[in-house]
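Written below as structure tokens is the structure these notes are about.
In the UniProt record's numbering, the protein residues as written are 1 to 228.
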């Protein structure tokens, strides 16, 4: 089943004098359960594409469909609800709330969904156990390593059982060993939970582990290869 589809997706940024074409007529279909890596040099349009798919930005032209629904026509509150229920985000800067514990950071999306407290606590521990970070539950973000913080970010992203996870340079601030372990965790989530991953990265070890590799250059798809 197609989970993401873009049609003639174009994004142009303008400051009134200079126009920058970040994406140009991108036509793309991603199937449910794929593990996709979007690669390309800086300025190729990777993050812009991710933002379009996640409904964080509106296209200049074209359409984005998530599970058959045209998200480019949705209002802000509809997009916020969609992201909360259907999309998990993993950023290179982790974006954890420093005053909250690990378990509280992971629990937050469930609070926003109005899930009862007992059910929230059970789901949080289940996810923390899945990612082997249950012993960190009561620690604050500044008390754990970068690799552990990124695992917490993954836990927060999957806690709502989303259809798709979007990750923007998730290994950028990690050493190669920790980054490799992190990608292995994502592949495990993909295979065991059937979550669709779309990862933007220029990290060679991330690219090597792609199930499908899409290369962007100058806002256009240069190559699109299914690997596994």
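All C-beta atoms in this analysis are idealised placements derived from N, C-alpha and C, irrespective of residue type, glycine included. No experiment lies behind these values; they were computed from the predicted model shown.
Query                                                                                                                                                 : Result
Taking 8 Å as the threshold (C-beta atoms), are residue 54 and residue 166 in contact?                                                                : yes
Using the Cα positions of residue 134 and residue 125, report the straight-line distance between them to the nearest angstrom.                        : 7 Å
Taking the beta carbon of residue 267 as the centre, do at least 16 other beta carbons fall within 10 Å, making it buried, or is it exposed?          : In the structure displayed, the chain extends from 1 to 228; residue 267 sits before or after that span and is not available.
When you compare the region 199-213 with the region 10-20, are there three or more beta-carbon pairs, one atom per stretch, that lie closer than 8 Å? : no
Could you spell out where the alpha helix (DSSP H) holding residue 20 opens and where it closes?                                                      : Per DSSP, residue 20 belongs to no alpha helix (DSSP H); it is in the beta strand (DSSP E), 19-31.
Name the DSSP beta bridge partners of residue 213, please?                                                                                            : 37 and 225
In the DSSP assignment, find the alpha helix (DSSP H) that holds residue 117 and state where it starts and stops.                                     : 117-130
Return the residue from the list 202, 143 and 114 that minimises the CA-CA distance to residue 100.                                                   : 143
Counting beta carbon pairs with one atom in the region 85-103 and one in the region 170-179, are three or more of them shorter than 8 Å?              : yes
Let's see if you can read the secondary structure: which residues bound the alpha helix (DSSP H) around residue 108?                                  : 102-112
What would DSSP say about residue 166, mapped onto helix, strand or coil?                                                                             : strand
Suppose you measure from the CA of residue 21 to the CA of residue 218; what does that come to, to the nearest Å?                                     : 8 Å
If you check the beta carbons only, do residue 168 and residue 6 fall under 8 Å apart?                                                                : no
My guess is that residue 23 and residue 49 are in contact by the Cβ rule of under 8 Å, so how many angstroms apart are they, rounded?                 : 6 Å
Tell me, please, whether the region 102-110 touches the region 158-165 by the rule of three or more beta-carbon pairs shorter than 8 Å.               : yes
Out of curiosity, what's the CA-to-CA distance linking residue 8 and residue 118?                                                                     : 45 Å
For the candidate residues 193, 182, 202 and 62, whose alpha-carbon lies nearest to that of residue 28?                                               : 62
Rounded to the nearest angstrom, how far is the Cβ of residue 164 from that of residue 196, given a contact under 8 Å?                                : 4 Å
Within a Cβ cutoff of 8 Å, which residues of the same chain sit near residue 32, ignoring the five residues on either side of it in sequence?         : 1, 2, 3, 163, 194 and 196
Counting along the chain, where does the beta strand (DSSP E) carrying residue 6 start and finish?                                                    : 2-14
If you compare alpha carbons, which of 152, 70 and 69 is closest to residue 97?                                                                       : 152
So what's residue 184 in DSSP terms, helix, strand or just coil?                                                                                      : helix
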